[in-house]
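What follows is a short report on a single structure.
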Amino acid sequence: MARSFGRTFQFTIGDTTHQLSLFSEPGLYRAHFGDRQLEVHVQPISDNCILLDIDGHSVTVYLAEEGGRKFICIGGRQFVLEEVRESAGAGVAAQTQAFKTDYALVSPMPGQVVKIQVSEGDVVEKNQTLAIVEAMKMENELKASARARVKKVCAAAGDLVDAGQIIVELEPEE
Amino acid sequence: MARSFGRTFQFTIGDTTHQLSLFSEPGLYRAHFGDRQLEVHVQPISDNCILLDIDGHSVTVYLAEEGGRKFICIGGRQFVLEEVRESAGAGVAAQTQAFKTDYALVSPMPGQVVKIQVSEGDVVEKNQTLAIVEAMKMENELKASARARVKKVCAAAGDLVDAGQIIVELEPEE
Amino acid sequence: MDLRKVLVANRGEIAVRVIRACRELGISTVAVYSEADRESLHVQMADHALCIGPPAPLESYLNIEAIVDAAKKSAAQAIHPGYGFLSENTSFAKRCEEEDLVFIGPTSNALALVGDKVASRVTMSKAGIPIIPGMKSKGTDPALFAAEAKKIGYPVLIKASAGGGGKGMVVINSPRELKEAVEASMRVAGGAFGDESVYLEKYLPAPRHVEFQVLADTHGNAVHLFERECSIQRRHQKVVEETPSVALDDRLRTKMGATAVEAIKAAGYTNAGTVEFLLDDDGRFYFLEVNARLQVEHPITELTTGVDLVRQQIAVARGEKLSFSQKDVRRSGHAIECRIYAEDPAKGFMPSSGRVAFLREPGGPGVRHDCGIYSGCQVPVHYDPILSKVIVWGEDREAARKRMLSALSETVILGIQTSIGFLQDVIAHAEFIAGNTHTDFIDKYMMPWKEEADKELLQVILTAAAVDAQGKAGQPGRSSSSSVRQVTPWQTGGGWRVGGQ
Amino acid sequence: MDLRKVLVANRGEIAVRVIRACRELGISTVAVYSEADRESLHVQMADHALCIGPPAPLESYLNIEAIVDAAKKSAAQAIHPGYGFLSENTSFAKRCEEEDLVFIGPTSNALALVGDKVASRVTMSKAGIPIIPGMKSKGTDPALFAAEAKKIGYPVLIKASAGGGGKGMVVINSPRELKEAVEASMRVAGGAFGDESVYLEKYLPAPRHVEFQVLADTHGNAVHLFERECSIQRRHQKVVEETPSVALDDRLRTKMGATAVEAIKAAGYTNAGTVEFLLDDDGRFYFLEVNARLQVEHPITELTTGVDLVRQQIAVARGEKLSFSQKDVRRSGHAIECRIYAEDPAKGFMPSSGRVAFLREPGGPGVRHDCGIYSGCQVPVHYDPILSKVIVWGEDREAARKRMLSALSETVILGIQTSIGFLQDVIAHAEFIAGNTHTDFIDKYMMPWKEEADKELLQVILTAAAVDAQGKAGQPGRSSSSSVRQVTPWQTGGGWRVGGQ
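Heads up: the protein sequence lines correspond to chains A, B, C and D, in order. Numbering of the first sequence is given in this note's numbering, commencing with residue 199 and proceeding in unit increments. Numbering of the second sequence is given in this note's numbering, commencing with residue 199 and proceeding in unit increments. Numbering of the third sequence is given in this note's numbering, commencing with residue 6 and proceeding in unit increments. Numbering of the fourth sequence is given in this note's numbering, commencing with residue 6 and proceeding in unit increments.
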C-alpha cells in the first residue's frame, strides 16, 4: 500500500476553529478528524460545484470564494468558512477580533450612518445604542457590548461606511 | 475630437463571410459596415453576457467560445461565428472546405459508424447513401453530394468518429 | 386603449415580473435604473433602458422628475410602478395623470384616500368596518402620541401614514421609548416614502395577518380573489405567505371577502389592490389598511386562481372591463411563498450586500422562482434586501409545504448571507405544520436562530473546504474506475500515516 | 406499502423529475449512471449514486443485471424506469417482480400485452376499437412486409413492435425502399429496445396525433386526465405538445376519453399510461398504441389538471386507491410543451453533442423548465438528444402560446446546436396559431429552415462578436457617465477615420 502524504487545514466557522488533515490518492481523499476518518470520492462538476461520495451517500456541494471567505452550501444551507493559514493567521485573527472587540464599535455591514448618539468622553452602558446605520432601507442600532468610555467618534451622520469600519473608538471604563 | 483607431474583423456565419471595423472610445464602440455605422454602448455583465445599447435599444447578448467558434445568442436565437484571422485564415478555410468537399465524405457529428455501404473503386451517384452514422440514438444517412468514385474507405462499422473526420475518400468520376 | 410601450419604474424581481407580463402582451418595455443598477437583471430584460440618477433612492427610483422625463424621452405611454418606491405615491400618480401618462394602478384620488392610512381608517370606520383602536389623525408631535398611547394603553405601534412593507413601524412597550421611536419612524418614513407623518394604534401582540386580493375595473365591477395569510413576519415585514389561510372557514372567508369588496368600492378604488385585516383567534377581524399596489406576495393568488394579476392590472389600465365576475373565480390547491432576503437571520436579520458569486435556481413541477439576481451580480446596499421569491403550488397544504422544503433545499446563493436556511427551518417547524401562524411566530418559535451543522455534516463541510483549498494547488486525477464506486463505511483510526511523521 | 428508497433507472431531465417527486414524498433516491454520465445533473440530485457501466446503453441503462444489482447494493425497494430505456421492457418488469423490487409501472403481464404493439392492435380490434389497417403479426422477413404493403398500398410505415418515441420508424413510399428500411428499423429497434421485431401498417400522411392520459390503480379504478395533442413531429418524434387539442369538441373528447379508459381496463393495465390515437379531420379516430410509461409530455397534463403524475405513479405502486374519480377531474386553461433537443434543425435535425458552455433557464409565472443540463455540462453522444422541456400554462391557447414564445426567447444554451430558434418559428407560425397542427406540419410549413438574421440583427451580432474578440485584448473603460445614455440614431457615413489610413 502506497504511503500517502497529508496536509493539515484549519477553518473557522463563526467563532469556532476546526482542524482536519487531508490525504489524497488517485480519485480518493481521506480526511482525518482526530481519531475519526472520512473516505471521500470527489467528482468535480464545475467551478462552483463538487460531488462527494461518502460511505455511499452522494453529497453535492456548492462553493465559492468571495472576500477571502469560503461559502459552502449543502442542501440549501450555507456555511461561511475562513481558512486559518500559518502566515496569514495573525491577520485573520485580528480581523475576526475587530468585529468582537469591546473597544471599538464597528459597522457590521456597508451602509450609511444615520445618527451618532454619543460624544467623546461619554461613558456608555452595555447594550446602549451608540449609533444607527442604515443599509437596504433598514435602520440597524449598533449597541455597546460592554460598559466603556468613548475615546473617539470616527464617523458622522451621512457618512458611507464599509463592513468592519470603526465608527466609535472605546476604552475600558470600570 | 480625438482620432480613434479601429480594428478590422472578419467572421463567417454558415457559408457567408462578413467584415466590420470596430473603433473603441471610452465607454463607446463604433462599428463600421461599409458605409453604415453603428454606435454602441457596451455594459459587460458577466463572462457570458454583455448588454449593448444601440440607438436607445437595449440588447442583451449571450456569448461563449467553444471549439474555436463563437456562439452568440440574442432573444433565444443562436448564431455560430468563426473568426477569420489573417494567419489562421488558411486553416479555417480548409476546415470549412472539408465539410463541403465533393471529394470526401466526412462525419458531420461525433458518433458511431453503423454501416459502410460502399467499397474501394465503387462509382457512386449523387444522393446515394454511402455510410450510416449513429449519434444520440438516431441513424443518420451520409449521402454523396455528387457522382464520384470511392478512392479509400477510412472507417469501419463500429468505429467512433469525430465531427469532420473523413469516412470515405472520393475522387472525381465523370 | 392601445398600450404599446410601458416604463417600469422599479427594480429587482418585480421589475422582471412586469417586463415578462408586458413581453407576453406584445408591449415593449423601458427599464429605468440608478447608477448602482447598471448591471441589474431588469435592465437586461427590457427593450430599452435609461439611467435616472445616482444610487440613493430619492435621487433615482423616488425621483418623480427623472422618471417622468425618462417616460417622455422613451415615448412610453404608461408607467407600472411595481411595489414600494413610488407605487403608492399620490403626487406621482397625479403627475402621471397631468402628463397624460397612464399610471398602472388606482387614480390619484383613490390613492390619496387609501394611501393615507389614517384617512382610510376613518373612512372604513364610518362604513361600519371594524378598525384597530388608535389615532384617527396623524401627526409629528410626540406629545400627541404619548396622550393617545396612554389612552389606549401600551404596547402601541407607530406606523408611517404613507407606509407599507413594515418600513417605519416600531412597537413601543413603555412611555420611555416613545420619543426615540417616533423620531426613528418619521426618519424612515421620510426617506422611504417622501412623507414623514406617522400615527399610532393599539399593538395586537399575536394576531394573524390575513389579506384579500381585490380587482376593480373602471366600469364599477369589483371582485376579490380570496385571501392570503401573511402572519409570518420579521421586523414587521412578511417572510412567508400562503393561501388559503388555515384560520378561515368558508363562512368567514365569504364574509371577509365581501367586506374587502365593499371597502374597495367605498374608496372608489380601481385596479389591483389588497385589503389587509388583522384576525384574532375568535374570528374577529379588523381592517388594517388597503395596499394600493401589486403585492410582493401576489404570486400565491395567481397560482391558486389562475388569474395573472399583472395582466389584469394592464387590462384595467387600458380601460377594459373585468372579463369575469365573482362567481367565476375558482381556487384550487394551496400555494406558499418564501421571500429570499439578503440578510443574516443569525444576526438580527442584518442586511447583507455584495457579490452573488453563484446562483442556482430551484425548479421542477409546481415551483416558481421570481428572481431579480443572477450569478455574478452585485447586491447594492441602497435598496430593499429582497433577492427573489420561491413560490410553490401543491394539491393541499402539506404537499405545498413539502415542495417548498424541497425547492429551498435546491436554492443556492453563494457569496452573501441569505435567509434560505432560516426559511427551511420555519417551513419545517412543528408549529408551522400545525398552522399556528401568528405574527409573533418568528420571535416565539425561531429566535435565537443559527445555521447549525451536526457532527457528520460539519465533517462533510470541512472536507469539501479542504478539497477545494487543495484543488487550488492541484487536484488528484478523476476516478478512472468504471465499476460501482466501492466506498467503505465510516472508518475510525486506521493505519494511515500523517505525512511528515 | 411503505416505500423509503427508490432507484431511478434513467438519466437526464426525467430522472431529475422523478428524484424531485421522491424528495417531496420523503423517499430517498438512488441514481444510476454510465461512465459518460459521472457529472450529470441526475447524479448530483440523488441521495446515492452508482455507476452501472460503460457509456453504451446496452451496457448501462439497458443493462438489467447491472440495474438490479445496483438496486440490491443500495437497498432500494422500488425502481422508477422513467421513459425510454427499460421503461416498457417486459423482461425487466418481470425480473423486478421476481427480485421483489417494486416496478413503478404496470405489471409485466400488462406490459407484455400493451408493449407488444401488434398484440395490442389485435386486442383492441377485438374490443371493437378501430385500428389502422396493417399487419396483425410482427416479423423479420422482408417478403412478409412486401406482401402486406402491396395489399394495403403504399405509403406504408414500418414500426418497432417494442418501440416508442419514433425509434425505428420508417415511412416507405415504394417497394424499392422496403428492404433497406426494414433492416434499418430492425437495427435501431434491436439497439434501442433489445427486441428487433417490427411490423407494418398503412401510413396516414397527415392525421392528428391525439393521446389520452390514463391512471389506473390496482383496485380496479381507472380515470383519464384528458387529451394531449402531439401532432407536431419531426422524424416521427414529438416536438411540440399541447392540451386541450383544438381538434376535439366536448362530445368527441368524452367519447375518446371513455374509449381510452375501456382500452386500459381491457388490457388489465395499472399505473400511469397513455392511449394514443390518430385522428382525421372528420373526427374519425384510430387506436395507435398504449404508451406504458410516463410520457415525455406528461407536464402539460399536470399543469392543466393539477394532478402530479409521478406522485400518482408512486401511490399506485404502493397499492393505494386512486384518491379521485372521473367526475373529480377538472382541467383549466391551456398548456404547451416544447422539447429542447441537442440538434441542428437547419441540417436535417442532425444531433449535436459537446459541452454546454452556458445555460440560462427561462422563468416567471406559468413557466416550468424540466431540465437535465447545467452550465458547463457535457452532452454525450450516446443518448437521446433531449436536453430539457419548456412547459407553459396560460388562461387560454393564445395566452399560453405567447408565454411560450416569451419563455423560449429567454432560454439560452450556448456551445451546442439546439432547436430553440426553430421552435420559436413553429410557435409563431400562422398555421400553428390557426391550430392547423397535423403530423406533416414541420415538413409542410417549416422546411427548409435556417436561423436567419435580418440586416440590423446581423450587424448587432457581428458587433457583439467583434467587441468580444476585442475585449480579449483589453476592454475600454466602462461608461462612467451618470446621465441618461445619449445614443444618436443609426448613422451612415460620418467623419470617422479608419485607423492607419
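Beta carbons: idealized from backbone N, C-alpha and C, even for Gly. These numbers were taken from a predicted model, which means no experiment stands behind them.
- Interface with chain D (9 Å Cβ-Cβ cutoff): Ala-353 (chain B) is excluded.
- Counting only Cβ-Cβ distances below 9 Å, Pro-210 (chain D) has no contacts in chain C at all, with the closest Cβ about 35 Å away.
- As DSSP reads the structure, Ala-186 (chain D) sits in no beta bridge.
- In the structure shown, Ile-466 (chain D) adopts helical secondary structure according to DSSP, grouped into three states.
- Within chain A, Gly-273 and Gly-274 have C-beta atoms less than 7 Å from the C-beta of Ser-414 (chain C), given in sequence order.
- Cβ atoms of Tyr-204 (chain D) and Lys-164 (chain D) come within 8 Å of each other, at about 6 Å.
- Taken through DSSP and simplified to helix, strand or coil, Gly-144 (chain D) comes out as strand.
- Proximity of Val-187 (chain D) to chain B, defined by a Cβ-Cβ separation below 9 Å, is not satisfied.
- The DSSP-derived three-state label of Gly-426 (chain C) is helix.
- Per the coordinates, the alpha-carbon of His-47 (chain D) lies some 48 Å from the alpha-carbon of Val-107 (chain C).
- Contact between the stretch 278-292 of chain C and the stretch 209-228 of chain C is present, with at least three C-beta pairs closer than 8 Å.
- When rounded, the separation of the alpha-carbon atoms in Ala-36 (chain D) and Gly-356 (chain B) is 29 Å.
- Contact annotation, Val-259 (chain A) with Ile-270 (chain A): C-beta distance approximately 6 Å; criterion of less than 8 Å satisfied.
- Only residues of its own chain outside the window of five on either side were considered, and among them Asn-246, Cys-247, Ile-248, Lys-268, Phe-269, Ile-270 and Cys-271 have a CB closer than 8 Å to the CB of Leu-261 (chain B), listed in chain order.
- Positions of the beta strand (DSSP E) runs, each at least 3 residues long and wholly inside the stretch 25-73 of chain D, are given as 33-39 and 53-58 in order along the chain.
- Below 8 Å, enough C-beta pairs join the stretch 396-414 of chain C and the stretch 427-434 of chain C to call them touching: three or more.
- The beta-bridge partner set that DSSP reports for Asn-276 (chain C) consists of C:Ala-221.
- If you ignore the 5 residues before and after Lys-207 (chain C), its C-beta comes within less than 7 Å of the C-beta of Ile-137, Pro-138, Gly-139, Ile-157 and Val-161, all in its own chain and listed in chain order.
- Residues of the stretch 319-344 of chain D with a Cβ closer than 7 Å to any Cβ of chain B: none.
- Between Ile-365 (chain B) and Val-331 (chain B), the gap from beta carbon to beta carbon is short of 9 Å.
- In its chain, beyond the 5 residues on either side, Gly-171 and Phe-354 have a beta carbon closer than 7 Å to the beta carbon of Arg-240 (chain C).
- For Glu-323 (chain B), no chain D residue has a Cβ inside 8 Å of its Cβ, as the nearest lies near 14 Å away.
- Interface annotation, Gly-369 (chain C): not in contact with chain A, CB-CB separation never under 9 Å.
- With a threshold of 16 other beta carbon atoms within 10 Å, His-53 (chain D) meets it and is buried.
- Distance from Asp-313 (chain D) to Pro-111 (chain C) at the Cβ level is roughly 39 Å; contact not present, criterion being Cβ atoms closer than 8 Å.
- Taking all protein chains in view, the Cβ of Gly-266 (chain A) is surrounded by fewer than 16 other Cβ atoms within 10 Å, so the residue is classified as exposed.
- According to DSSP, Asp-253 (chain B) shares a beta bridge with no other residue.
- Runs of the alpha helix (DSSP H) spanning 4 or more residues and lying entirely within the stretch 303-389 of chain D occur at 303-310 and 314-322, in chain order.
- Judged by DSSP in its simplified three-state form, Leu-205 (chain C) adopts strand.
- As a beta-bridge residue in DSSP terms, Ser-244 (chain B) pairs with B:Cys-247.
- In this structure the stretch 114-121 of chain D lies against the stretch 294-309 of chain D, because at least three pairs of beta carbons, one per stretch, are closer than 8 Å.
- For a Cβ distance threshold of 8 Å, nothing in chain B lies close to Gly-199 (chain D): the least Cβ distance comes to about 13 Å.
- Assigned with DSSP and collapsed to three states, Leu-410 (chain D) falls in helix.
- Under the 10 Å beta carbon count, Ser-328 (chain D) is surrounded by fewer than 16 other beta carbons and is classified as exposed.
- Closer than 9 Å to the CB of Glu-29 (chain C) there is not a single CB belonging to chain B.
- Between Asp-448 (chain C) and the set C:Arg-336, C:Ala-351 and C:Ala-186, the nearest pair of CA atoms involves C:Ala-351.
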